[in-house]
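Engineer:
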């Protein structure tokens, strides 16, 4: 089944403890991206990647890092999480450009 | 700045037609897309407009006017399962910007 898989789906952590949210797609998509969703704000793009080793900042990249070492994987790294990063995170991919996005199921992160 | 405006809530009855508008102001524009999100779920793609005009996909249609920086999503023959949030999104050279979402409630 064609899909975008995120892990973990739920995570509670503490301020400053580094964490990684993994994202993997099995559709051979070139474009991958990360979003955070907060009530009343819609989805805000954190980082995106057009292909392997190519990443760009989105609207809200502060406090996050990404890497694209393989086409299928696009992990989101929070080096030192803070409570304002408590949010619902979505990974998405698209064949080439960001016109038709397939989203993962979401990862709900709470930073205490 | 960059912004997308869409109504926060819309209510309609089963079988009716509803239009959700989206106006945008962005530094660049490559296309407008629409996504549906049910409570607790992930956004799913509905429609994309890269050029002016109407795109039809079953009960859903989407329209774009680039000169007016405006688009809309039209949902026909509303069903209870259409109750969800709908987001418009602008592709600004792959830097995606989403609206805050329109919550559609379909009543019997």
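Residue numbers (our numbering), protein chains in the order written: chain R, 1 to 112; chain P, 113 to 220.
Beta carbons are placed, not taken as given, at the ideal position from N, Cα and C, and that holds for glycine.
Just so you know, these numbers come straight off a predicted model, no measurement behind them.
1. Given a cut-off of 8 Å on the beta-carbon distance, is the pair residue 149 (chain P) and residue 210 (chain P) in contact?
2. Does residue 99 (chain R) come within less than 8 Å of chain P when only Cβ atoms are used?
3. Looking at the structure shown, is residue 192 (chain P) part of a helix, part of a strand, or coil, going by DSSP?
4. Determine the burial state of residue 112 (chain R): buried for a count of at least 16 other Cβ atoms within 10 Å of its Cβ, exposed for fewer.
5. Tell me which residues of the segment 186 to 209 of chain P have at least one Cβ-Cβ distance to chain R shorter than 8 Å, keeping chain order.
6. How about residue 98 (chain R) and residue 10 (chain R): are their beta carbons less than 8 Å apart?
7. Please classify residue 128 (chain P) as buried or exposed, where buried requires at least 16 other C-beta atoms within 10 Å of its C-beta.
8. With distance defined between alpha-carbon atoms, name the residue in R:16, R:100, R:91, R:28 nearest to residue 7 (chain R).
9. Distance check for residue 33 (chain R) and residue 56 (chain R), CA to CA, integer angstroms please.
10. Just reading off the beta strand (DSSP E) that residue 172 (chain P) is part of, what are its end residues?
11. Taking CB distances under 8 Å as the criterion, tell me whether residue 211 (chain P) reaches chain R.
12. Kindly indicate which three-state DSSP category residue 51 (chain R) falls into: helix, strand or coil?
13. When you compare each of P:146, P:178, P:154 to residue 131 (chain P) by their alpha carbons, which one comes out closest?
14. Comparing the C-beta of residue 160 (chain P) with each C-beta of chain R, is any distance below 8 Å?
15. I'd like the span of the beta strand (DSSP E) that includes residue 210 (chain P), first residue to last.
16. Name the chain R residues whose beta carbon is nearer than 8 Å to that of residue 119 (chain P)?
17. Does residue 12 (chain R) pass the burial test, meaning 16 or more other C-beta atoms within 10 Å, or should it be called exposed?
18. Relative to the C-alpha of residue 137 (chain P), which residue among P:151, P:117, P:197 is closest?
19. Which residues of chain R have a Cβ atom closer than 8 Å to the Cβ of residue 165 (chain P), listed in chain order?
20. Let me know the beta strand (DSSP E) ranges lying completely inside the segment 5 to 93 of chain R, each 3 residues or longer, listed in chain order.
21. Could you tell me which chain P residues have their CB closer than 9 Å to the CB of residue 50 (chain R), listed as they occur along the chain?
22. Nearest CA to the CA of residue 184 (chain P): which residue from P:174, P:140, P:143?
Structural biologist: So, from the listed chains and residues:
1. In the second chain, counting from the first residue as 1, residue 149 (chain P) sits at position 37. In the second chain, counting from the first residue as 1, residue 210 (chain P) sits at position 98. The answer is no: Cβ separation not under 8 Å.
2. Taking the first residue of the first chain as 1, we reach residue 99 (chain R) at position 99. Yes, contact with chain P.
3. For the purposes of this step, residue 192 (chain P) is taken as residue 80 along the second chain, with counting starting at 1. Residue 192 (chain P) falls in the helix class under three-state DSSP.
4. On the first chain, residue 112 (chain R) is found 112 positions in, with the first residue counted as 1. Classification of residue 112 (chain R): exposed, given that the 10 Å Cβ count is below 16.
5. 199, 201, 203, 206, 207, 208, 209
6. Indexing the first chain from 1 puts residue 98 (chain R) at position 98. Indexing the first chain from 1 puts residue 10 (chain R) at position 10. Result no, Cβ atoms of residue 98 (chain R) and residue 10 (chain R) do not sit closer than 8 Å.
7. In the second chain, residue 128 (chain P) corresponds to position 16, counting from 1. Exposed.
8. For this step, residue 7 (chain R) is matched to residue 7 along the first chain. Of the candidates R:16, R:100, R:91, R:28, the one whose C-alpha sits nearest the C-alpha of residue 7 (chain R) is R:91.
9. Translated into positions along the first chain, residue 56 (chain R) becomes position 56. Translated into positions along the first chain, residue 33 (chain R) becomes position 33. Between residue 56 (chain R) and residue 33 (chain R), the C-alpha separation is close to 9 Å.
10. By 1-based counting over the second chain, the position of residue 172 (chain P) is 60. 172 to 177 is the span of the beta strand (DSSP E), which, as asked, contains residue 172 (chain P).
11. As a first step, residue 211 (chain P) must be located in the second chain, where it is residue number 99. It does; some Cβ of chain R falls within 8 Å.
12. Numbered from its first residue, the first chain carries residue 51 (chain R) at position 51. Residue state, collapsed to three classes: strand.
13. Here residue 131 (chain P) refers to the residue found at position 19 when the second chain is read from its first residue. Checking every option, the nearest Cα to that of residue 131 (chain P) belongs to P:146.
14. In the second chain, the residue the question calls residue 160 (chain P) occupies position 48. Judged by the 8 Å Cβ criterion, residue 160 (chain P) is in contact with chain R.
15. As a position in the second chain, residue 210 (chain P) is number 98, starting the count at 1. Taken as a continuous stretch (DSSP letters only), the beta strand (DSSP E) holding residue 210 (chain P) covers 207 to 210.
16. Translated into positions along the second chain, residue 119 (chain P) becomes position 7. Neighbours of residue 119 (chain P) on chain R: none; closest Cβ ~13 Å, over 8 Å.
17. Residue mapping note: residue 12 (chain R) aligns to position 12 of the first chain, counting from 1. Label assigned to residue 12 (chain R): exposed.
18. Looking up residue 137 (chain P) in the second chain gives position 25. Of P:151, P:117, P:197, the residue nearest in Cα terms is P:117.
19. Translated into the one-based positions of the second chain, residue 165 (chain P) becomes position 53. Per Cβ cutoff of 8 Å: no residues; residue 165 (chain P) is ~16 Å from chain R at best.
20. 10 to 13, 19 to 25, 31 to 38, 42 to 51, 54 to 57, 76 to 78
21. Within the first chain, numbered from 1, the residue matching residue 50 (chain R) stands at position 50. Those within 9 Å of residue 50 (chain R) in chain P are 206.
22. Counted from its first residue, the second chain places residue 184 (chain P) at position 72. When each option's Cα is compared against that of residue 184 (chain P), the closest is P:174.
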